[in-house]
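Only one structure is covered here, and it is reproduced in the block below.
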Amino acid sequence: MKLLEQRIQKDGRVLGDDILKVDTFLNHQVDPELMQDLGEAFAQAFAKYKIDKVVTVESSGIAPALFTGLALHVPVIFARKNKSLTLPDDVYTADVYSFTKQTTNHIMIDHRFLNRGENILLIDDFLANGQAISGLLDISHQAGTYVVGVGIVIEKAFQKGRAILDAQGIDVVSLARISNFENGQVVFATE
Ligand code: 5GP
119 MKLLEQRIQK
129 DGRVLGDDIL
139 KVDTFLNHQV
149 DPELMQDLGE
159 AFAQAFAKYK
169 IDKVVTVESS
179 GIAPALFTGL
189 ALHVPVIFAR
199 KNKSLTLPDD
209 VYTADVYSFT
219 KQTTNHIMID
229 HRFLNRGENI
239 LLIDDFLANG
249 QAISGLLDIS
259 HQAGTYVVGV
269 GIVIEKAFQK
279 GRAILDAQGI
289 DVVSLARISN
299 FENGQVVFAT
309 E
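Quick note: the sequence shown uses my numbering, first residue 119, plus one each step.
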């Protein structure tokens, strides 16, 4: 998505070897108009499926997921993160290791919000090593829902997340794909 790539070039900051900071429009301050464009792009990309719900993880997945749900006219559910090991009984849970924060979060979704047989679309802000999406796939499996696809705002194609999802035959749509960072600059994948 050209508009997103331009915004990343303008406002993104490369930190170290593999982190992109986009806190001016996605991860701290949020640009609602851009989020609406992203939501519409995801809705269009997955228009061929019947989608019952959009599912993401708090907190940075919520903004793009919300606008996707708005465009598709379906509810949006965000998995909550809980650092404590004690969890209520009536929730689906999965462990998600964050390489960026070097911590493990227990993510959870209440049983009431996912029903067996529903088609769900997963949305997240970044795809890096695939841990967050794998956690949501695990929860979806527990709930007996079917993941029609995964929508990613920014994919870092040089990390292993994409290969993990491709190996499972999952339909992944990334609105911006970064092939690498070069001298502190973002290089986008050409295909
Ligand atoms: P994964 O689970 O695919 O390894 O990483 C995805 C999650 O880690 C995203 O939800 C995002 O919060 C965070 N993340 C991974 N890489 C980056 C990055 O380069 N920049 C930012 N801002 N967040 C990232």
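Glycine is no exception: its CB is placed at the ideal position from the N, C-alpha and C atoms. All values derive from a computational prediction rather than experimental measurement.
(message) Per DSSP, what are the beta-bridge partners of E158 in this structure?
(response) Note: E158 sits in no beta bridge, so no partner.
(request) Take the Cβ of H160 as the centre, count every other Cβ of all protein chains shown within 10 Å, and call the residue buried at 16 or more, exposed below. (result) Inspection of the sequence shows that residue 160 is occupied by Phe rather than by His. Counting Cβ neighbours within 10 Å, F160 comes out buried, since at least 16 surround it.
(request) Grab me the residues of V305's own chain with a C-beta within less than 6 Å of its C-beta, minus the 5 sequence neighbours each way, in chain order. (result) S297 and N298
(request) Using 10 angstroms around the beta-carbon of D243, count the other beta-carbons present and answer buried if the total reaches 16, otherwise exposed. (result) buried
(message) At the level of alpha carbons, what is the spacing between Q303 and A212?
(response) 35 Å
(message) ligand 1 and V140: does any heavy atom of the ligand fall closer than 7 Å to the residue's C-beta?
(response) yes
(message) I'd like to know whether the C-beta atoms of S258 and V266 end up nearer to each other than 8 Å.
(response) no
(request) Give me the Cα-Cα distance between Q286 and D256, rounded to the nearest whole angstrom. (result) 13 Å
(request) Check R280 in the structure and name its three-state DSSP category. (result) helix
(request) May I have the straight-line CA-CA distance separating N200 from M226, to the nearest angstrom? (result) 8 Å
(request) Thinking L156 and V271 are a contact (beta carbons under 8 Å), I'd like their distance in whole angstroms, please. (result) 6 Å
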